[in-house]
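**Q** Under my numbering, the residue at position 287 of the sequence shown is numbered 285, and the numbers go up by one with no gaps. Where a beta carbon is used, it is the ideal one built from N, C-alpha and C, also for glycine. Please read these numbers as outputs of a predicted model, since none were measured by experiment.
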Amino acid sequence: MDYRRLGRSGLRVSEFSFGSWVTFARQVDVAPAKEILAAAYDAGVNFFDNAEGYEQGGSERVMGQAIAELGWSRDSFVVSSKVFWGGDKPTQRGLSAKHVTDACHAALKRLRVDYLDLYFCHRPDVDTPVEETVRAMHNLITQGKVLYWGTSEWSAQAITEAHAVAARWGLTPPVMEQPQYNLFVRDKVEAEYRPIYESFGLGTTIWSPLASGLLTGKYNDGVPQDARAALKGYEWLREMIEGQEGRARVEKVKGLAKLAGQAGMPLHHMALLWCLQNPRVSTVILGASRLSQLHDNLKALDRKAAMPPDLMAAIEGVVQNRPADPQRF
Ligand SMILES: NC(=O)c1ccc[n+]([C@@H]2O[C@H](COP(=O)([O-])OP(=O)(O)OC[C@H]3O[C@@H](n4cnc5c(N)ncnc54)[C@H](OP(=O)(O)O)[C@@H]3O)[C@@H](O)[C@H]2O)c1
């Protein structure tokens, strides 16, 4: 496993990390979660991603119990939570100082840790002044409850505003952003954030590198019964896959699979390694609903040398979605 700096911070995160959205507390209980986490950790994964919104806190509960039972030394791993989608009451959601603080305390309990390494604002909150959120994050940091704070799916402008407020009042600015990034979704990482990588030393912990499994080819012939898009509550994903745009994506997936085959690797390895080719990516957060998937995905790292420029160019020829002003190279 190789490690990358999280932006300009001193924190070194593993190139592949692991997140438990959809899976823990839904598809995966504590015993298999322990096996998955142990396999990741033993392979050198040091960052484990979570959020208050994942299974109403259940995902953090499962991860917290599993890590406690595995007995990992607290200084050997990085764990995150994200605040935005708590409960239904007005004080239980968004980025007010109250909810940012309450959600942190609740995540600490569920994850069974004394501090969160990374704490993300899961989405922007237009109903809360950015200064209030920045100050709440800064206070949690000075209290030792959070080490680094960041954003998820914020615009470059909103991140810039957070930095301006932090600079004006001597508060701690955000260090990292968690955007979606994969062969189908590229604009934020490759174009929009371009001006702020250097100015703020922004790191990125990117999500859905396999587009929720689409980039394994498992949806090429429809939605399998045991796949994410068949889960109750994930009809939006099924619709995305079966709709017009989804069908166009599946055609591209088939083209990409051909390229991967010619390069001597499975499609999902190529898709994961493609994300790692971008130096602005600090870590690629893997997801897995079973241990075999994690083992398989980690094996992509053995093929890191198998992404030559001609393959990268051929991939562009299939996906045809390179942003106009790309930051990749
Ligand atoms: N900040 C945000 O807004 C945000 C949003 C989403 C995710 N995230 C983070 O990013 C993490 C990763 O996202 P993701 O889970 O969407 O990642 P992903 O890699 O795009 O999808 C993972 C899913 O694809 C399927 N899969 C993975 N490897 C496979 C393989 N080798 N063969 C067949 N199927 C395979 C599994 O689903 P099935 O087996 O169920 O089909 C697995 O749960 C999340 O856990 C979370 O921590 C953050």
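Between which two residues does the alpha helix (DSSP H) carrying S57 extend?
**A** Residues G56 to L68.
**Q** DSSP three-state call for N48: helix, strand or coil?
**A** DSSP places N48 in coil when its eight states are reduced to three.
**Q** Identify the residues that DSSP records as bridge partners of V77: which are they?
**A** DSSP output for V77 lists F46 as bridge partner(s).
**Q** For R326, name the three-state secondary structure that DSSP assigns.
**A** Reliability of the predicted coordinates at R326 is poor, the pLDDT of 49 falling under 50, and the value obtained from them is presented with this limitation in mind. Three-state result, R326: coil.
**Q** Which residue from S94, H136 and D27 puts its Cα closest to that of E53?
**A** The residue with the shortest Cα to Cα distance from E53 is D27.
**Q** When burial is assigned at 16 or more other CB atoms within 10 Å of the CB, is H103 buried or exposed?
**A** It is exposed - the Cβ of H103 has fewer than 16 other Cβ atoms within 10 Å.
**Q** Check whether the Cβ of H266 lies closer than 7 Å to any heavy atom of ligand 1, and answer yes or no.
**A** Correct: H266 has its Cβ closer than 7 Å to ligand 1.
**Q** Based on Cα-Cα distance, which residue from S7, T214, H161 and G56 lies nearest to L181?
**A** Answer by Cα proximity: T214.
**Q** In angstroms with no decimal places, state the Cα-to-Cα distance between R326 and V187.
**A** A caution first: R326 carries a pLDDT of 49, below 50, which makes its placement in the model unreliable, though a value can still be read off. Each residue's Cα considered, the two are about 9 Å apart.
**Q** Quick one: is the Cβ of Q223 within less than 7 Å of any heavy atom of ligand 1?
**A** No.
**Q** Would the beta-carbon of E151 be found less than 7 Å away from any heavy atom of ligand 1?
**A** Checking every heavy atom of ligand 1 against the Cβ of E151, one is found closer than 7 Å.
**Q** With distances taken between CB atoms, is the gap from L114 to V77 smaller than 8 Å?
**A** Cβ atoms of L114 and V77: closer than 8 Å.
**Q** Would you list, in sequence order, the uninterrupted beta strand (DSSP E) runs of no fewer than 3 residues that lie entirely inside the segment 91 to 177?
**A** Fully enclosed beta strand (DSSP E) runs of 3 or longer: 114 to 119 and 144 to 149.
**Q** Roughly how far, in whole angstroms, is the beta-carbon of G5 from the beta-carbon of V173, given that I think they are within contact range, below 8 Å?
**A** Rounded, the Cβ-Cβ distance is 6 Å, consistent with contact.
**Q** Which residues bound the alpha helix (DSSP H) around R192?
**A** Its alpha helix (DSSP H) spans residues R192 to F198.
**Q** Based on the DSSP output, what are the partners of N180 in its beta bridges?
**A** Paired residues: V183.
**Q** Do the segment 260 to 275 and the segment 288 to 301 meet, that is, are 3 or more Cβ pairs less than 8 Å apart?
**A** Short answer: they touch.
**Q** How big is the Cα-Cα spacing for T99 and A134?
**A** Roughly 7 Å separates the two Cα atoms.
**Q** Please state whether DSSP places S18 in a helix, a strand or coil.
**A** Correct three-state label for S18: coil.
**Q** Between which residues of its own chain and R91 is the CB-CB distance below 8 Å, once the five residues before and five after are set aside?
**A** Around R91: F82, W83, G84, G85 and H97.
**Q** To the nearest angstrom, how far is it from the Cα of R24 to the Cα of S57?
**A** So the alpha carbons of these two residues sit roughly 8 Å apart.
**Q** Quick one: what's got a C-beta closer than 8 Å to F46's C-beta in the same chain, skipping five residues either side?
**A** Contacts found: S15, F16, G17, S18, L35, A38, M61, I65, F75, V76, V77 and S78.
**Q** Let me make sure I understand the geometry here. Which of Y217, T158, A209 and N218 has the alpha-carbon closest to that of E196?
**A** Closest option to E196, Cα to Cα, is T158.
**Q** Verify the contact flag: G148, CB atom, against every heavy atom of ligand 1, threshold strictly below 7 Å.
**A** No, the Cβ of G148 stays beyond 7 Å of every heavy atom of ligand 1.
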